[in-house]
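For the sequence shown, numbering that gives the first Met the number 0 begins at 0 and goes up steadily by one.
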Amino acid sequence: MQCGYIVVLCLLAFSVQTGNGLRCWSCTSSREHHCGDPFNSTFFRIEDCDYNFSPNTYNQPSTTVCKKQKQIVNGQEQVIRSCEYKKETACIQSHAHTPVKVVSCETCSNDDGCNTAHIVTPTTLTALLPAVLWAVASKIL
Numbered sequence: 000m001q002c003g004y005i006v007v008l009c010l011l012a013f014s015v016q017t018g019n020g021l022r023c024w025s026c027t028s029s030r031e032h033h034c035g036d037p038f039n040s041t042f043f044r045i046e047d048c049d050y051n052f053s054p055n056t057y058n059q060p061s062t063t064v065c066k067k068q069k070q071i072v073n074g075q076e077q078v079i080r081s082c083e084y085k086k087e088t089a090c091i092q093s094h095a096h097t098p099v100k101v102v103s104c105e106t107c108s109n110d111d112g113c114n115t116a117h118i119v120t121p122t123t124l125t126a127l128l129p130a131v132l133w134a135v136a137s138k139i140l
């Protein structure tokens, strides 16, 4: 039974996440066609938002979010994935007399790379793994 405790404690120790900043995909489908939908992440690096944004300056929010915006520019759909400061205007709609029409805009800050398709994240699986292993180990030992 002690072996089961050791295994579970080791798994819990390895599943602890450090305090890194939010990381988001950063690309534009008008320049990189793999950035559109469906998104192909193998062609892009994930960007550390806190590293690439300057420190908090006067009147700027300090929290970052991931952003995915779909827009129509001169009749062509574009997808933009980026880091943004968390603010009410992050997904502001364009004015009627501009060539850009925002179709959809979403921000998120719950997981790294959240500005892509919705998937089960490794951190979710890591959180569930110790409980499953505990149940299996208690039955075997």
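Quick reminder that beta carbons are idealized off the backbone N, C-alpha and C, glycines included.
Please read these numbers as outputs of a predicted model, since none were measured by experiment.
Item	Value
Report back the beta-carbon spacing between G35 and S28 to the nearest angstrom; my notes put them in contact at under 8 angstroms.	4 angstroms
For the ligand COA, is there a heavy atom less than 7 angstroms away from the beta-carbon of Q92?	Among the components modelled here there is no ligand, and therefore nothing to report on the ligand COA.
May I ask you to report which of helix, strand or coil DSSP gives T106?	strand
Tell me which residue opens and which closes the beta strand (DSSP E) that Q70 is part of.	T63 to V72
Rounded to a whole number of angstroms, what is the C-alpha to C-alpha distance between S40 and C104?	19 angstroms
Leaving out five residues before and five after C48 in sequence, what residues of the same chain have Cβ atoms less than 7 angstroms from its Cβ?	G20, L21, R22, C23, T63 and C82
Return the bridge partner residues of I45 from the DSSP annotation.	W24
Looking at chain B, is there any beta carbon in it that lies within less than 8 angstroms of the beta carbon of R80?	Although the question refers to chain B, the structure presented lacks it and comprises just one protein chain.
Using DSSP bridges, identify the partner residues of V131.	In DSSP, V131 forms no bridge with anything.
DSSP state of K100, grouped into three classes?	strand
Output the boundary residues of the beta strand (DSSP E) element that contains S81.	Q75 to Y84
If T106 sits next to C65, beta carbons under 8 angstroms apart, how far is it from one beta carbon to the other, in whole angstroms?	7 angstroms
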